[in-house]
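Worksheet: one structure, shown below.
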Amino acid sequence: MDAEQKREKRLKTNEESLRELWDNVKRTNIRIIGVPEGEEREKGTEKIFQEIIAENFPNMGKEPLTQIQEAQRVPYKINPRRNTPRHILIKLTKIKDKEKILKAAREKKQITYKGTPIRLSADFSAETLQARREWHDILNVMKGKNLQPRLLYPARLSFRFEGE
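Here the sequence shown is numbered in full-length UniProt numbering, starting from 1 and rising by one per residue.
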């Protein structure tokens, strides 16, 4: 193995560990997609998240809900060329709470905020998101063939074939 190949291998390893670090930092984050801009001005982003939980998962609201470490719109500034609302990023203190909310969201399928459909998703690094996005077409074909595909972390495909 020559010096160039070693450097390439080291670079690839470093990029991989950087991606894993970013994903680890974002591990407790939930991304809320589709909440109209300006909603947070009167009540703040934390209150919006609590309203979404109360509206979509009323039984979850009875339990003492998760502590929110941080809640904000991302990116910080509005891009005038993007006509979609910025995402809301919620950083929770416990991964268990994030997983419970995302599981409930998957089971409910249609999540709303004041009647408007929105999406809740896990927050990943740009590299992981891109790798997961590349599976999109394959996942759709597999869903059409009723193979029950799933993406495992970071971007590995899993599916059921004849019930297994």
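C-beta atoms are modelled at their ideal positions from N, C-alpha and C, and glycine is treated no differently. Just so we're clear, the structure is a prediction, and the values are computed from it rather than from any experiment.
Query raised in the report: In chain order, what residues of the same chain have a beta carbon less than 7 Å from the beta carbon of I90, not counting five sequence neighbours either side?
Result: Indexing the sequence shown from 1 puts residue 90 at position 90. Listed in chain order, the non-local C-beta contacts of I90 below 7 Å within the same chain comprise N29, I30, I32, F49, I68 and A71, local neighbours out to five positions each way being set aside.
Query raised in the report: Got a sec: is the Cβ-Cβ distance from K91 to anything in chain C below 8 Å?
Result: Looking for chain C here will not work: only one protein chain is present.
Requested in this report: Keeping to the same chain, check which residues put their C-beta closer than 6 Å to that of H87; ignore five residues upstream and five downstream.
Outcome: Along the sequence shown, one-based indexing puts residue 87 at 87. Once the five neighbours on either side are set aside, the close Cβ partners of H87 are R31, I33 and V74.
**Report entry** Continuous beta strand (DSSP E) assignments of at least 3 residues falling wholly in the stretch 81-126
**Finding:** 87-92, 111-113 and 116-122, all fully within the stretch 81-126.
Query - Outcome for I118 when other beta-carbon atoms lying within 10 angstroms are tallied against a minimum of 16 - result: Working through the sequence shown from its first residue, we reach residue 118 at position 118. Buried.
**Report entry** Cβ-based burial, N146 [other Cβ within 10 Å; buried from 16]
**Finding:** For this step, residue 146 is matched to residue 146 along the sequence shown. It is exposed - the Cβ of N146 has fewer than 16 other Cβ atoms within 10 Å.
Query raised in the report: So, are the CB atoms of S121 and D23 less than 8 Å apart?
Result: Residue 121 sits at position 121 when you count from the first residue of the sequence shown. Residue 23 sits at position 23 when you count from the first residue of the sequence shown. For S121 and D23, no; Cβs fall outside 8 Å.
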